[in-house]
Amino acid sequence: MILVGGATGTIGRVVARRLAAEHPVRLLTRDPGRITVTAPGTEVVRGDYADESSLRRALRGVRAAFLVTVPSAEGDDARFLAAAGAAGVERVVKLSAAAVEDPAARDGITRRQRENERILRSSGCEWTILRPRSFMSNTLSWRTSIQEAGIVRALYGTSANACVDPRDVAETAVHALTGPGHAHRTYTLTGPTAITAVEQTATLARVLELPLRCEELDFDAARDALSRRYPAPIVQALLDSAARQRDGAKARVCDTVREITGRAPRSYEEWAADHRSAFTRSASADLRPAR
Ligand SMILES: NC(=O)c1ccc[n+]([C@@H]2O[C@H](COP(=O)([O-])OP(=O)(O)OC[C@H]3O[C@@H](n4cnc5c(N)ncnc54)[C@H](OP(=O)(O)O)[C@@H]3O)[C@@H](O)[C@H]2O)c1
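Below, the structure is given as structure tokens:
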């Protein structure tokens with residue numbers, strides 16, 4: 004049995020779908036109504052990293068686990084790994100972040116990811132750490148301004164990021180969860196090229212067949228926009244992270260996706276073409292219950 008944490012999230016949802024085709028899987032969520040994978044052999048378990056008894060239930064009989072936590076929460080990795088150790092889980096694959104390997108990244112999110120990696124490495128189980136660069140899917144946050152005004156607003160819009168398709172992260176995770184040779188390995192995952200918000204806007208304009216333009220956000224406007232969505236420590240971490248991108252820290256491309264999965268990482272153009280409908284449907288359509 005393989006437990007998938009974050010099974011309603013960007014990466015875990017794809018991991019769950021890919022695994023469920025061939026393996027018995029158990030999907031962990033605080034809200035089972037949000038699970039979309041329904042393949043035979045799939046179990047859904049209600050659980051919360053904050054609730055140790057729910058973790059004990061979720062991990063019973065589990066051989067391998069995919070661990071996804073959100074960096075705003077403290078102690079989730081430690082509680083999960085303690086419960087996994089007690090349940091005899093052999094292998095844990097953790098979703099971390101590429102920033103961890105950059106000594107200049109000292110923001111609160113990255114410090115917590117570093118600490119969580121340390122806890123995993125000392126947990127006694129076989130571990131694999133995935134360190135993806137930014138997800139291409141983050142650009143879905145541009146949907147409203149694209150639909151309303153044909154504009155993408157970005158801070159440091161001409162700085163490059165070797166962003167990665169979430170499907171490539173998920174497929175690497177599936178290999179690490181099910182294949183040999185991944186114990187005690189750390190994989191940095193990027194897309195095939197480093198790309199700027201200006202270039203992503205041009206790609207979306209082609210794919211969506213819309214006249215789009217990228218507008219540079221000034222620092223105060225970017226901080227105000229983030230402050231409307233996140234608490235202050237997360238806002239500061241995101242601004243620090245953007246400054247590192249401006250300084251070129253996120254442009255390095257790695258070939259790890261190809262080495263692990265055997266196929267080339269998907270380009271932003273490919274991701275955009277496959278998610279065209281997510282940019283064109285109305286935001287309210289996402290709020291309707293799935294049938
Ligand atoms: N976005 C990026 O560009 C990027 C880049 C590199 C690394 N990362 C890392 O990726 C991770 C997030 O992955 P994601 O984007 O796939 O996830 P996501 O879409 O943000 O979803 C978060 C997932 O975590 C689960 N979760 C959160 N708190 C939980 C709790 N207390 N108990 C049980 N489950 C909980 C949620 O499950 P329920 O709500 O269903 O319970 C949900 O499935 C973070 O560690 C982030 O630092 C992100």
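With positions in the sequence shown counted from 1, the corresponding number in my numbering is that position plus 3.
No residue lacks a Cβ here, since even glycine has one placed at the ideal position from N, Cα and C.
Since the model is a prediction, treat every value here as computed from it, not as a measurement.
Is the closest heavy atom of ligand 1 to the C-beta of residue i under 7 Å?
{"i": "Asn141", "result": "yes"}
{"i": "Arg33", "result": "yes"}
{"i": "Tyr159", "result": "no"}
{"i": "Arg51", "result": "Checking the displayed sequence, the identity of residue 51 turns out to be Asp instead of Arg. True, at least one ligand heavy atom lies under 7 Å from that Cβ."}
{"i": "Asp227", "result": "no"}
{"i": "Val73", "result": "yes"}
{"i": "Ala76", "result": "yes"}
{"i": "Thr11", "result": "yes"}
{"i": "Ser137", "result": "yes"}
{"i": "Gln1", "result": "Residue 1 falls outside the range modelled here, since the chain spans only 4 to 294, and no answer is possible."}
{"i": "Asp171", "result": "no"}
{"i": "Ile263", "result": "no"}
{"i": "Leu211", "result": "no"}
{"i": "Ile5", "result": "no"}
{"i": "Ile112", "result": "yes"}
Helix, strand or coil: which one does DSSP assign to residue i?
{"i": "Ile38", "result": "coil"}
{"i": "Arg294", "result": "Bear in mind that a pLDDT of 30 at Arg294, under 50, signals an unreliable position, so the number given afterwards is only what the model happens to contain. It is coil, neither helix nor strand."}
{"i": "Tyr233", "result": "coil"}
{"i": "Thr196", "result": "coil"}
{"i": "Thr11", "result": "coil"}
{"i": "Val92", "result": "coil"}
{"i": "Tyr271", "result": "helix"}
{"i": "Leu143", "result": "helix"}
{"i": "Ala19", "result": "helix"}
{"i": "Pro135", "result": "strand"}
{"i": "Val210", "result": "helix"}
{"i": "Ala24", "result": "coil"}
{"i": "Thr283", "result": "helix"}
Give me the residue from the options with the minimum Cα distance to residue i.
{"i": "Ile112", "options": "Ala100, Arg121, Arg255", "result": "Ala100"}
{"i": "Val210", "options": "Ala76, Ala281, Ala108, Val48", "result": "Ala281"}
{"i": "Arg283", "options": "Ala208, Pro268, Arg247, Glu262", "result": "The identity of residue 283 in the sequence shown is Thr, whereas the question assumes Arg. Among Ala208, Pro268, Arg247, Glu262, the Cα nearest to that of Thr283 belongs to Ala208."}
{"i": "Ala180", "options": "Arg20, Cys217, Ala67", "result": "The identity of residue 180 in the sequence shown is Leu, whereas the question assumes Ala. When each option's Cα is compared against that of Leu180, the closest is Ala67."}
{"i": "Thr189", "options": "Leu158, Val96, Gly64", "result": "Val96"}
{"i": "Leu229", "options": "Arg216, Val7, Cys217, Ala245", "result": "Ala245"}
{"i": "Arg247", "options": "Ser137, Ser144, Gly182", "result": "Ser137"}
{"i": "Ala186", "options": "Trp130, Pro74, Asp227", "result": "Trp130"}
{"i": "Glu55", "options": "Leu84, Val47, Pro74, Gly160", "result": "Leu84"}
{"i": "Thr206", "options": "Thr147, His278, Pro268", "result": "His278"}
State the CB to CB distance for the pair residue i and residue j, rounded to an integer number of angstroms; the pair is presumed to be in contact (CB under 8 Å).
{"i": "Val92", "j": "Leu133", "result": "17 Å between Cβ atoms; not a contact."}
{"i": "Cys217", "j": "Val238", "result": "The pair is not a contact, with the Cβ atoms about 22 Å apart (cut-off 8 Å)."}
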